[in-house]
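Notes for the one structure printed next.
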Amino acid sequence: MREAGCIMAMAVCFILLADASINSKEAVGCQDKKVSCCIDGDESKTVAKTKFTMCWSWSKAECRPCNGEGQWAYISLWCNVNYINECHGTCQGCFKVQYPFFMTPQASEGDDGICCVDNEGHKRCR
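Taking my numbering, the leading residue of the sequence shown gets 12, the next gets one more, and so forth.
Written out as structure tokens, the structure reads:
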């Protein structure tokens with residue numbers, strides 16, 4: 012009886028893990044990322060704003076773009092393809108990031124930062 016209970020518990024865990032792997036966006040709770048297409052990563056030169064659906068990457072342990080095989084460069088490339096006349100290949104995808112309180116100079120409250128990603132997927136945060 013005890014063995015049957017263990018086998019049943021393992022089967023339930025396996026099913027839940029398989030479902031989480033298939034539906035990774037819902038499993039981890041990645042939110043859509045609001046992105047600005049900015050010339051040379053300069054927010055004062057914003058060409059357009061959009062949202063990207065994010066999915067959990069088990070190998071990178073973070074939320075990444077669902078499209079473009081989870082590559083950060085997809086965001087910048089999307090901006091440059093969809094706004095070719097405005098960007099001329101120089102747009103970067105910029106988005107806000109929330110830093111936890113223990114990673115900020117004040118160490119008492121969280122802070123927002125900005126990260127921009129270029130066509131090669133290099134992420135620059137400030």
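From the three backbone atoms N, C-alpha and C, an ideal C-beta is built for every residue, glycine too.
Bear in mind that the values here come from a model prediction, so they are computed numbers and not experimental data.
Open item on the list: As a quick exercise: from G100, N78, E80 and V108, pick the residue whose alpha carbon is nearest that of D129.
Closed with: G100
Task: Exposure of S87, with buried meaning 16 or more beta-carbon neighbours within 10 Å - done: buried
Open item on the list: Using a Cβ-Cβ cutoff of less than 8 Å, which residues in the same chain neighbour C66 once the five nearest sequence positions on both sides are dropped?
Closed with: S35, K36, C41, C74, R75, P76, C77 and G81
Task: For A84, the three-state DSSP class (helix, strand or coil) - done: helix
Open item on the list: Short of 6 Å in beta carbon distance, which residues of its chain neighbour T57, apart from the five on each side in sequence? Order them along the chain.
Closed with: S47 and C49
TODO: Below 8 Å on the Cβ atoms is my guess for D43 versus T64; work out the distance and round it to an integer in Å.
DONE: 6 Å
Open item on the list: For C41, report the span of its beta strand (DSSP E) as first-last.
Closed with: Careful: C41 lies outside any beta strand (DSSP E) and carries neither H nor E.
Task: Member of S70, N93 and A72 whose CA lies at the smallest distance from the CA of A59 - done: N93
Task: Spatial neighbours of E97 in its chain, beta-carbon cut-off 6 Å, leaving aside the 5 residues before and after - done: V58
TODO: Measure the Cβ-Cβ separation of F127 and G104 and say whether it is below 8 Å.
DONE: Per the sequence shown, residue 127 should be read as Cys rather than Phe. Result yes, Cβ atoms of C127 and G104 sit closer than 8 Å.
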